[in-house]
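Working notes, structure below.
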Amino acid sequence: MYSDILLCFIECMLIIFQSKLTHGHGRMIEPASRSSMWRFGYDAPINYDDNQLYCGGYVHQWEVNGGKCGPCGDPWDKPRDNEAGGEFATGTIVQQYLSGANIDIFVNITANHKGWFEFRICENNDITKPITQKCLNTNLLRLTNGGIRYYLPDERRTVYKVSARLPKDLTCSQCVLQWKYNAGNRWGPDIRIPEGGCVGCGPQEQFFGCADISIHETLDEMSTQPPSKQSFVSTTESYDKLINDRLVTSKEALSKCVARGGWVTEADQVVKNEWCNLVCSREHCPKGYCFCDLDGETSEKICKFEDLV
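Quick note: the sequence shown, position 97, residue 96 per numbering that gives the first Met the number 0, numbers continuous.
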């Protein structure tokens with residue numbers, strides 16, 4: 000009797016311990032995912048849970064739905080709020096790119112549990128049409144280092160910058176960029192290794208985010224004023240070739256912002272400065288996280304969107 004109670008107690012504690020270990024959180028912030036647009040000056044519905052688009056959680060995804068998940072992180076069997084027709088899918092194009100460009104993607108991890116990122120693009124061209132995972136799988140982005148997965152180098156809660164390459168032959172008025180985060184701290188089975196499994200093997204908690212973007216063949220095809228908010232154009236060409244009245248006022252403005260506050264460490268100061276320069280060049284600085292002096296106007300005067308949390 001006592002041994003049965005003890006065994007039950009141990010099993011319950013293991014379940015609780017493992018569930019705490021596998022609960023990561025994160026959001027794609029550049030380009031801004033559909034659920035995170037409100038944080039960056041867009042006229043978009045507010046989702047305070049934009050860092051937990053995780054298919055309903057590990058148990059719901061893997062035990063209830065057999066591993067299936069909505070392509071933008073919604074539970075497979077519940078309303079798809081982040082897909083076309085859903086509350087957060089407004090159709091707003093948040094970023095413009097050139098075909099074949101190297102692009103920088105920024106991801107804010109708020110609870111880090113190792114693992115890796117992948118990025119996919121679906122050519123959709125219809126903001127009212129839901130995307131499918133099959134469409135996304137046609138364009139698994141290759142990173143500029145040649146790989147297809149970005150493995151988290153540490154366990155910090157921070158902003159990670161990932162450089163990826165767009166397909167050379169892809170153009171679209173509306174594409175959907177999908178971020179996938181596969182956590183890596185749950186023990187799982189793997190018959191390919193002698194131990195029969197490992198931490199990071201097997202099914203893991205997964206997070207997703209979808210951003211609406213456009214991809215063009217030339218700069219002339221790009222709009223200087225996408226819906227709701229000005230966009231900064233990303234391209235492999237140097238900033239010098241892009242600096243004109245249509246795109247960005249000055250190269251100097253892109254180096255006047257610094258990250259500040261408790262979210263910055265010596266190890267990630269450079270990456271976070273770069274992110275601050277990018278978002279603040281659009282005159283939407285996160286108060287308390289970035290400080291800038293843009294043409295004599297400090298970020299204290301031009302901060303227009305919510306802090307990251």
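C-beta: ideal position from N, C-alpha, C; glycine also. On a predicted model such as this, the values are computed, not experimentally measured, just so you know.
Taken through DSSP and simplified to helix, strand or coil, MET27 comes out as strand. Excluding its 5 nearest sequence neighbours in each direction, LEU135 has C-beta neighbours in its own chain below 8 angstroms: PRO70, ARG119, ILE120, CYS121, VAL175, GLN177, listed in chain order. Nearest Cα to ASP153 within the set PRO202, ALA182, GLY56, GLY145: ALA182. In the three-state scheme derived from DSSP, where H, G and I count as helix and E and B as strand, LYS113 is classed as coil. Under the rule that a run must span 3 or more residues, the beta strand (DSSP E) segments found entirely inside the segment 77 to 105 read 94 to 97. Here ASN144 is exposed: its Cβ has fewer than 16 other Cβ atoms, across all protein chains shown, within 10 Å. In this model, TYR150 and TYR159 are separated by some 11 angstroms (Cα to Cα). Around the beta carbon of PRO74, a 10 Å sphere encloses 16 or more other beta carbons of the protein chains shown; the residue is thus reported as buried. DSSP links GLU122 through a beta bridge to CYS174. Cβ neighbours of PRO202 within its own chain (closer than 7 angstroms, five residues either side excluded): TRP61, GLY66, GLY187. In this structure, DSSP gives CYS284 a state outside helix and strand, which the three-state scheme calls coil. The alpha-carbon separation between TRP37 and ALA43 amounts to approximately 5 angstroms.
With fewer than 16 other Cβ atoms inside 10 Å of its own Cβ, LYS77 counts as exposed.
In its chain, beyond the 5 residues on either side, no residue has a beta carbon closer than 6 angstroms to the beta carbon of VAL278. Annotated three-state conformation of ASN272 is helix, per DSSP.
Residue pairing by DSSP places ILE214 opposite TYR96, CYS171 in a beta bridge. Minimum Cα-Cα distance from GLY99 among the listed residues LYS113, ILE108, MET221, ARG164 corresponds to ARG164.
Of the residues assessed, GLU194 falls on the exposed side of the cut-off, its CB having fewer than 16 other CB atoms within 10 angstroms. For LYS271, the number of other beta carbons within 10 angstroms of its own is at least 16, and it is reported as buried. DSSP, read as helix, strand or coil, puts CYS134 in helix.
Membership of CYS197 in the beta strand (DSSP E) is indicated by the continuous run 196 to 198. In the DSSP assignment, TYR159 falls within the beta strand (DSSP E) that extends over 158 to 164.
DSSP places ASP292 within a strand segment (E or B) once states are collapsed to three. Rounded to whole angstroms, ASN124 and GLY40 show a C-alpha spacing of 24 angstroms.
Looking at the backbone, the Cα of ASP267 and that of ASN107 are separated by about 12 angstroms. Straight through space, the alpha carbons of GLY208 and GLY84 are spaced by roughly 16 angstroms. In summary, ASP48 is exposed, with fewer than 16 beta-carbon neighbours lying within 10 Å of its beta-carbon over all protein chains present.
The C-beta of VAL161 has 16 or more other C-beta atoms within 10 Å across all chains shown, which makes the residue buried.
The secondary-structure analysis by DSSP pairs ALA258 across a beta bridge with CYS289.
Annotation for PRO30: VAL93, GLN94, LEU176, ALA210, ILE212 place their beta carbon closer than 7 angstroms to its own, counting only its chain and skipping 5 residues before and after.
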